[in-house]
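The numbering of the sequence shown is our numbering, which starts it at 300 and goes up by one.
Ideal Cβ placement from N, Cα and C applies to all residues, glycine included.
Below: one structure, written as structure tokens.
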Amino acid sequence: MFRKILIANRGEIALRVIRTAKEMGIKTVAVHSTADTDSLFVRFADESVCIGGPRSNESYLDMQRIMAAVEITNADAIHPGYGFLAENAEFAEICAEYGVKFIGPTAEMIRGMGDKITAKTTMKKAGVPVIPGSEGLIKDLGKAKKDAARIGYPVILKATAGGGGKGMRLVWEEKGLEDAFNKAAQEAEASFGNPGVYLEKFIEEPRHIEIQVIADQYGHAAHLSERDCSIQRRHQKLVEEAPSPFVDDKLRKKMGAAAIKACKAIGYESVGTIEFLVDKHKNFYFMEMNTRIQVEHTVTEEVMDLDLIRAQINMAAGEKLEQDAWFPHGHSIECRINAEDPAKGFAPHPGRVSQFHTPKGHGVRVDTHVSAGYSIPPYYDSMIAKLIVRAKDRPSAIAKMRRALDEFIVEGVKTTVPFHRKLMDDERFNEGNFDTSFMNDFDLSDL
Ligand code: MV4
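Here is the structure:
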């Protein structure tokens, strides 16, 4: 087992990793920017190193400075959290060269899933359902027209170096294809330094349902059922829950088996997530694989009664996966509490938090690095807390979330609490009758 883990991240996830490491008897090192000196994750770590200025590229994204902190503190493993360097193959490679264990999969696996065409081709070969589309890269407009005609409109153009919704273009008929193809390639080049785009059948009003997986270094893999992440806005998740109100035992079994197949196809190790699009007929298609721990891992922890960070550390340390089937119990919902103004298009609202009182009680969990007097820096993302509830079923979980949101006091900055409170009373949300287009017609004007 590791002696000392350096956490190459900040905020609630840094704190989350420190908590589990402490319970495992592993020492922790926080690295932080000058904007985070007084943050709780720095205070609760056994050691800390200031690695640079407030902007991410001069601290949390600076691999040299992080490796210098590894040398100074003699850490033997790095936990990358999510975001920042968590899915940076080069960083995983550098860790390997330094002989420090990157808590996650290998650089090769990160790279293979980072390029979306490569990922899709791998999954198709492995027998995992993929969305009908072009065979790999589209080389020219002629090929795009041929493929689109074969697949049938509407189609969607995606950047192979993209993911998470960046650089996508929807095309309804052939006359829109030329312009969309040129713009998509240009945008992909500008954003990712790679102009490669591919084409897919557009799945209308899909659900975003993802399967949590865990795999050891010896070829054993299991799935930990699903999360429904369909409540999103501009590709930012707002609410996640487990299990999905749309998934029955039969579908769970099929999607779980496909996710395990996906892991085995690439010899995956660590925890990870297979994202699927699910249409209204319950057809599901591989979309992307996330090779990191995710923000919403908490709802899986709640219904599985399992510490996923501990599992991730154990897999990295070479432990064998002994259990091959898990089943969810009860229901869990997470609301992302962001310092944003929902009435102003969810505009970020950094600043000093003068009052901060979190809800408590049975089945209520709050993961946060914030306390009264904390100043939210403008340099990072605006999530300040995750409010997670667990109850015996979905209606009870929603009732608990309503009660918990009523107890959440944040003064000094605008937050998404009022949005979530309204959502918990929404008829369609309560019926479980929603897809990824849900937020398009949600009224935010009275928040
Ligand atoms: C799609 C799609 C419909 N059809 N692909 C958005 C994020 C990126 N990972 C892929 N995305 C989508 N891909 C096909 N062929 C619809 C989306 C999409 C979406 C997916 C998941 C969650 C929210 C979404 C919101 C808009 C569009």
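Flag Gln531 as yes when its Cβ comes closer than 7 Å to any non-hydrogen atom of the ligand MV4, and as no otherwise.
yes
For the segment 490 to 499 and the segment 447 to 459, state whether three or more C-beta atom pairs, one from each stretch, are separated by less than 8 Å.
yes
Keeping to the same chain, check which residues put their C-beta closer than 7 Å to that of Thr336; ignore five residues upstream and five downstream.
Cys349
Cutting at 8 Å between CB atoms, please list the residues of its own chain near Gly464, excluding the five before and the five after it.
Arg533, His534
Simplified DSSP assignment, three categories, for Asp604
coil
Asn356 versus Ala329: straight-line alpha-carbon distance, rounded:
17 Å
Count the other CB atoms within 10 Å of the CB of Pro641; is the residue buried (16 or more) or exposed (fewer)?
buried
Just mark Pro379 as buried or exposed, buried being the case when its beta carbon has 16 or more other beta carbons within 10 Å.
buried
Own chain, CB closer than 8 Å to Gly351, minus 5 neighbours either side, in chain order:
Ser332, Thr333, Glu357, Ser358, Asp361, Arg364
Beta-carbon separation of Leu576 and Pro505 under 8 Å?
yes
Does the Cβ-Cβ distance between Gly462 and Lys424 come in under 8 Å?
no
Candidates Ala483, Ile317, Ile510, Glu486, of which the one nearest Phe343 by Cα:
Ile317
So, Ile573 versus Met408, is the Cβ gap smaller than 8 Å?
no
Measuring alpha carbon to alpha carbon, tell me which of Asp705, Phe728, Gly711 ends up nearest Pro717.
Asp705
C-alpha distance - Asp727 paired with Ile636, whole-angstrom precision:
Contrary to the premise, residue 727 reads as Arg rather than Asp in this sequence. Answer to the nearest angstrom: the Cα atoms are 21 Å apart.
To the nearest angstrom, how far is the alpha carbon of Ala484 from that of His580?
32 Å
Three-state secondary structure (DSSP) of Asp621
A small fix is needed here, since residue 621 is Glu in this sequence, not Asp. Coil, per DSSP.
In terms of residues, what are the limits of the alpha helix (DSSP H) holding Gly495?
Segment: none, Gly495 is in no alpha helix (DSSP H) and carries neither H nor E.
Using only the alpha-carbon positions, how far apart do Arg701 and Met723 sit?
6 Å
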